[in-house]
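Working notes, beginning with the structure itself.
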Amino acid sequence: MTMSRLFRTGIAPLDKLLPRGIPRNNMTIIAGEIGAGKSVIMHQLLYSLLRAGEPCLFVNFEGPTIVVEQDMQSFGWDIHPYLDKGMLKFLDCFSFRLEPSVQPDPYSHYVKDPKDLRAVSTALFSMMDEMGMTGRGAVFVDSLTEMFTLVQADSPLVYTMLDGIKSWRAKGPKERLVPFFCTHHVPLRAYADLDDLLFYVVDGIFEVGFNPGFAERGLLVKQLRIRRMKGAPHEGYWMTFTVNLDGIKEVPLPIPALAPVLENRKPRTNKKK
Numbered sequence: 001m002t003m004s005r006l007f008r009t010g011i012a013p014l015d016k017l018l019p020r021g022i023p024r025n026n027m028t029i030i031a032g033e034i035g036a037g038k039s040v041i042m043h044q045l046l047y048s049l050l051r052a053g054e055p056c057l058f059v060n061f062e063g064p065t066i067v068v069e070q071d072m073q074s075f076g077w078d079i080h081p082y083l084d085k086g087m088l089k090f091l092d093c094f095s096f097r098l099e100p101s102v103q104p105d106p107y108s109h110y111v112k113d114p115k116d117l118r119a120v121s122t123a124l125f126s127m128m129d130e131m132g133m134t135g136r137g138a139v140f141v142d143s144l145t146e147m148f149t150l151v152q153a154d155s156p157l158v159y160t161m162l163d164g165i166k167s168w169r170a171k172g173p174k175e176r177l178v179p180f181f182c183t184h185h186v187p188l189r190a191y192a193d194l195d196d197l198l199f200y201v202v203d204g205i206f207e208v209g210f211n212p213g214f215a216e217r218g219l220l221v222k223q224l225r226i227r228r229m230k231g232a233p234h235e236g237y238w239m240t241f242t243v244n245l246d247g248i249k250e251v252p253l254p255i256p257a258l259a260p261v262l263e264n265r266k267p268r269t270n271k272k273k
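Taking the working numbering as reference, the numbering of the sequence shown is continuous, increasing by one, and the terminal residue is 273.
Next up, the structure:
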């Protein structure tokens, strides 16, 4: 693989963990606990690639397009210029829940029945072709977990989802050289059997979570590591990070700001008064 097949994210913490970048033919999952920073990482990746001139397609299962816009705007990531230029489009797999009051917009393709994974896939690759996404751009899916809940009612979950993910990986990253980034909530007991198989299928895994040492003290300190990135060198250690107005930022350990908090906490005791 040559350097032209890899791209750097433009996000300092990720580029530190991925010194040569991410292969364009990889499907990557951003997996982790609720509140650990998956959506921020995905949105920052999206904005960084748009700024680099890459066309992007966002598949939203978890909320309407306006919510994605508002969440990104809260960090100062204005996506409207890219929507106007046609560099960013949405595949709306959420608004079917708003029937019959769905308000179409020119930046989105509305999927009437996202439970039909074949229809979603057909729309996805058709939009990619319309946007000239071959060897450039990226696709973002938020989230696989929500997509699982839609198809579960009608057919066996594991077979349907893995077959769909394999199809996306083959026709997107492998055939068109367009990377896919998908969020996934773990650990969820209902999908425990699926997680290991899913992680086997994909090429890259970003893991996010909370530092267990601080969690025992009642503090939620976010951490990130690259568990897997096929075809690219990567660091495997846990990086502590925080989310500020500019997105994610590495916070080296020990964390000075937390020291007074830890020192002032009274030790637990089992002694009776």
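C-beta atoms are modelled at their ideal positions from N, C-alpha and C, and glycine is treated no differently.
This one's a predicted model, so the numbers in the text were calculated from it and none came from an experiment.
Inset, instruction - Return yes when the Cβ of L198 is within less than 9 Å of the Cβ of K208, no when it is not. - result: According to the sequence provided, residue 208 is Val. The question's Lys does not apply to it. No, they are not a contact pair.
Inset, instruction - Please specify which runs of the alpha helix (DSSP H), each continuous and at least 4 residues long, are wholly inside the stretch 92–161, giving them in chain order. - result: 117–130 and 144–151
Legend entry - C-alpha gap between A215 and F125, whole angstroms: 42 Å
Legend entry - CB of K89 within 9 Å of CB of L57, strictly: yes
Inset, instruction - State the start and end residues of the unbroken alpha helix (DSSP H) segment that holds R51. - result: K38 to R51
Legend entry - Nearest candidate by alpha-carbon position, reference I34, set P187, V201, F241 and H234: P187
Legend entry - Distance, P254 Cα to C93 Cα: 42 Å
Legend entry - Spatially closest choice to R5 from R20, T242 and I11, by CA coordinates: R20
Inset, instruction - Could you work out which residue in L220, S121, I205 and S48 is closest to K166 when comparing CA atoms only? - result: S121
Inset, instruction - Would you mind stating whether L49 and G76 have Cβ atoms separated by less than 9 Å? - result: no
Inset, instruction - Measure the CB-CB distance between I29 and G204 and report whether it falls below 9 Å. - result: yes
Inset, instruction - Hey, could you find the ends of the alpha helix (DSSP H) H80 is sitting in? - result: H80 to K85
Legend entry - 8 Å CB neighbourhood of E62 in its chain, flanking five on each side removed: F94, D142, S143 and E146
Legend entry - Under the three-state DSSP convention, the category V221 falls into: coil
Inset, instruction - Whole angstroms is fine: what's the gap from E175's alpha carbon to R169's? - result: 8 Å
Legend entry - Option in E250, F140, Q70 and K171 with minimal Cα separation from K222: E250
Inset, instruction - Please report how far the alpha carbon of P64 lies from the alpha carbon of L220, in whole angstroms. - result: 29 Å
Inset, instruction - Can you give me the Cβ contacts of M127 inside the same chain, cut-off strictly under 7 Å, excluding the 5 residues immediately before and after it? - result: L57, K89, L91 and H109
Legend entry - DSSP beta-bridge partners of P23: L6
Legend entry - DSSP state of G16 mapped onto helix, strand, coil: Here the sequence assigns Lys to residue 16, which means Gly is not the residue at that position. Residue state, collapsed to three classes: helix.
Inset, instruction - Below 7 Å CB to CB, which residues in the same chain sit around V40 once its five sequence neighbours on both sides are set aside? - result: V243, G247 and I248
Inset, instruction - Just mark A31 as buried or exposed, buried being the case when its beta carbon has 16 or more other beta carbons within 10 Å. - result: buried
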